[in-house]
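Engineer:
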Amino acid sequence: MQFSGLLKCIIKEGLLTEADAQAHSDAAKKSKTPLISYLVNDKHISATTIATHAATEFGLPFFDLSAVDKSILPSGLVSEKLIRKHRALPLFKRGNRLFIALSDPTNFQALDDIKFHTRLNTETILVEEDKLVAAIDSFLEAADTSMTDLLDTDLDNIELSGGDEEAKDEVNSDIDDAPIVRFVNKILLDAIKKGASDIHLEPYEKTFRIRFRSDGMLSEVASPPSNIANRIISRIKVMSKMDIAERRVPQDGRIKMTPKSCKPLF
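Per the numbering used here, residue -15 is the first one in the sequence shown, and the count goes up by one each step.
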């Protein structure tokens, strides 16, 4: 039998026999489960054993994710979709290099996809599968909590000006549009907090994404349903005293956000 990649390493290191390796590989494919997840979850091999042996075999640095402070992980660089798809967690950025935590040293597709979306060179840091899964859940949950906290606290202490009086009263008077109002406010505040120089609203035929530009790099921060794209854009136009009916000619506008106890943010 011919084996390659991680499975070849596992057999070479004597962690599984060829027969067992083939059987587990077939079972993982049948259940549509990544091989490492299958081996670890079914307790055929420990996550630590796989990671340490693979790090040596592939010449990659090994890192214990339990020692990392999740709050300092780079957020906004890689979308939740990519993180979950590839089970890949961005650890830190150095210049134009982004270091990615992976449990599979042969997951080159993850590196390529993240490189394509971030325009950064990607490098692998090998970690244990079980700790990676937990870290990803914790990281994404923290990001969601941060957004929720922003909605629940910061937006209650914001005064907006720059649009007409109807726009200023919209939060209280138009219940149907309240989620749109709060979402737009959240995006604007988050852009300020992250030091973004630009906010890109990008509607497509079937999708809609919002990206921030920071330090010259664009990163996706939200992907609302495409059917509310026009409402989000119209809300920003109203706040900026633009003509919401004009869609062909570029327009200029201005919004002022004033957090309590702070100077106005333009």
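Heads up, the beta-carbon is just placed ideally off N, CA and C, and yes, glycines get one too.
Ala72 and Ala38: beta carbons closer than 7 Å?
Structural biologist: no
Engineer: Determine the contact status of Ser210 and Lys225, defining contact as a CB-CB distance below 7 Å.
Structural biologist: The Cβ atoms of Ser210 and Lys225 lie no closer than 7 Å to each other.
Engineer: Could you give the residue range of the alpha helix (DSSP H) that holds His8?
Structural biologist: Residue range 2 to 14 is occupied by the alpha helix (DSSP H) that includes His8.
Engineer: Which whole-angstrom value describes the C-beta separation of Ile120 and Ile34, a residue pair presumed to lie in contact below a C-beta threshold of 8 Å?
Structural biologist: Not confirmed; about 17 Å, so no contact.
Engineer: What is the residue span of the alpha helix (DSSP H) that Val52 lies within?
Structural biologist: Here Val52 belongs to no alpha helix (DSSP H), and DSSP marks it neither H nor E.
Engineer: According to the neighbour-count rule (16 or more other Cβ atoms, all chains shown, within 10 Å of its Cβ), is Asp174 buried or exposed?
Structural biologist: buried
Engineer: Within 10 angstroms of the Cβ of Tyr188, are there 16 or more other Cβ atoms? Answer buried if so, exposed if not.
Structural biologist: exposed
Engineer: Among Arg193, Pro18, Ala180, whose alpha-carbon lies nearest the alpha-carbon of Asp199?
Structural biologist: The residue among Arg193, Pro18, Ala180 with its C-alpha nearest the C-alpha of Asp199 is Ala180.
Engineer: Tell me whether Ser63 sits in a helix, a strand or coil according to DSSP, three-state version.
Structural biologist: coil
Engineer: Could you compute how far the alpha carbon of Leu86 sits from the alpha carbon of Glu204?
Structural biologist: 21 Å
Engineer: Given that a residue counts as buried once 16 or more other Cβ atoms are within 10 Å of its Cβ, and exposed if not, what is His70?
Structural biologist: By the neighbour-count criterion, in which 16 or more other beta carbons inside 10 Å mark a residue as buried, His70 falls on the buried side.
Engineer: Starting from Pro163, trace the alpha helix (DSSP H) both ways and give me its first and last residue.
Structural biologist: Element bounds for Pro163: 162 to 177.
Engineer: Measure from the alpha carbon of Pro18 to the alpha carbon of each residue in Asn80, Pro89, Leu49, then state which is nearest.
Structural biologist: Checking every option, the nearest Cα to that of Pro18 belongs to Pro89.
Engineer: So Ala31 and Glu113 are in contact, right, with Cβ under 8 Å, and what is the actual spacing, rounded?
Structural biologist: Correct: roughly 4 Å between the Cβ atoms.
Engineer: Specify the secondary structure class of Arg231 as computed by DSSP and reduced to three states.
Structural biologist: Note: Arg231 maps to coil in three-state DSSP.
Engineer: Rounded to whole angstroms, what's the CA-CA distance from Ser218 to Ile171? Just pull it up for me.
Structural biologist: 14 Å
Engineer: So, Pro45 versus Ile109, is the Cβ gap smaller than 7 Å?
Structural biologist: Yes; because the gap between Cβ atoms is below 7 Å, this pair is in contact.
Engineer: Any idea what DSSP makes of Ile212, helix, strand or coil?
Structural biologist: helix
Engineer: Which class does His28 belong to by DSSP, given the choice of helix, strand or coil?
Structural biologist: coil
Engineer: Going by CA-CA distance only, name the one from Ser21, Thr40, Lys221, Asp182 that's closest to Ile164.
Structural biologist: Lys221
Engineer: Go ahead and pull the three-state DSSP assignment for Thr108.
Structural biologist: strand
Engineer: Specify, as a first and last residue, the run of the alpha helix (DSSP H) that Asp182 falls within.
Structural biologist: Taken as a continuous stretch (DSSP letters only), Asp182 belongs to no alpha helix (DSSP H), being part of the beta strand (DSSP E) at 182 to 187.
Engineer: May I ask which residues mark the beginning and end of the alpha helix (DSSP H) holding Lys99?
Structural biologist: 92 to 102
Engineer: Per DSSP, what are the beta-bridge partners of Pro89 in this structure?
Structural biologist: DSSP lists no partner for Pro89.
Engineer: Locate the alpha helix (DSSP H) running through Lys(-4), then write down its first and last residues.
Structural biologist: Run containing Lys(-4): -11 to -4, per the alpha helix (DSSP H) assignment.
Engineer: Using the three-state DSSP reduction, which class does Ser207 fall into: helix, strand or coil?
Structural biologist: coil
Engineer: Where DSSP assigns a beta bridge to Met251, which residues make up the other side?
Structural biologist: This structure does not reach residue 251, given that the chain is present from -15 up to 250, and the question cannot be answered.
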